[in-house]
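Take the sequence shown: its letter number 31 is residue 31 in UniProt numbering, and every next letter is one higher.
No residue lacks a Cβ here, since even glycine has one placed at the ideal position from N, Cα and C.
I have placed the structure first, in the form of structure tokens, so that the comments after it can refer back to it.
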Amino acid sequence: MGIVNSIYKKKMNFQQERRKEALREAKHIARILGERFGAKEVILYGSLSQERYFDMASDIDIVAKGLGDQYLKAYGYCLRLSEFNLDIRPYEDLPDQYKNQVNKQGRCLYAKK
């Protein structure tokens, strides 16, 4: 039982560290979207925002408000920077039901002052 416990603890520690790295990267991406590409607000949603299980297959889910015609350029730029898989969506293009979910469960990473 000691070996199994040890392997489990190592796996959990690895996943916790990976989650911390993903959060740092999400904050960095949010700043880039705001400062370089003019997003008014950047919201983290999905497993990373909800303290859920985050593993090697997980991605960073972000919604950006106010990117306008900079969306594709911003998305491509951020994809090249990130070691994680990214899903960046323009808030304005989301269906209302999805907007409500993001508004309730999302975590604001950047807001223009």
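Residue i versus residue j - alpha carbon distance
i: Phe96; j: Pro90; result: A quick correction: the sequence has Asp, not Phe, at residue 96. Going from the Cα of Asp96 to the Cα of Pro90 covers about 13 Å.
i: Arg24; j: Tyr45; result: 14 Å
i: Met56; j: Gln15; result: 8 Å
i: Gln5; j: Ser58; result: Here residue 5 turns out to be Asn, not Gln, going by the sequence shown. When rounded, the distance between both Cα atoms is 24 Å.
i: Lys99; j: Gly66; result: 14 Å
i: Gln70; j: Lys9; result: 43 Å
i: Lys20; j: Gly34; result: 21 Å
i: Val63; j: Arg18; result: 21 Å
i: Ala22; j: Ala74; result: 18 Å
i: Val102; j: Met12; result: 27 Å
i: Phe84; j: Lys113; result: 28 Å
With 16 other Cβ atoms within 10 Å as the buried cut-off, status of residue i
i: Val42; result: buried
i: Ala39; result: buried
i: Ala111; result: exposed
i: Gly2; result: exposed
Opposing strand residues paired with residue i [DSSP bridges]
i: Ile3; result: None; Ile3 has no bridge partner.
i: Val63; result: Ile43, Arg89
i: Arg107; result: Leu44
CB-CB length for residue i against residue j, believed under 8 Å
i: Asp61; j: Asp87; result: 5 Å
Do the segment 73 to 81 and the segment 24 to 36 make contact, defined as three or more Cβ pairs closer than 8 Å?
In short, these stretches touch, since the Cβ pair count reaches three.
Spell out a yes or no on whether the segment 94 to 109 and the segment 43 to 61 are touching, meaning 3 or more CB-CB pairs, one atom from each, closer than 8 Å.
yes
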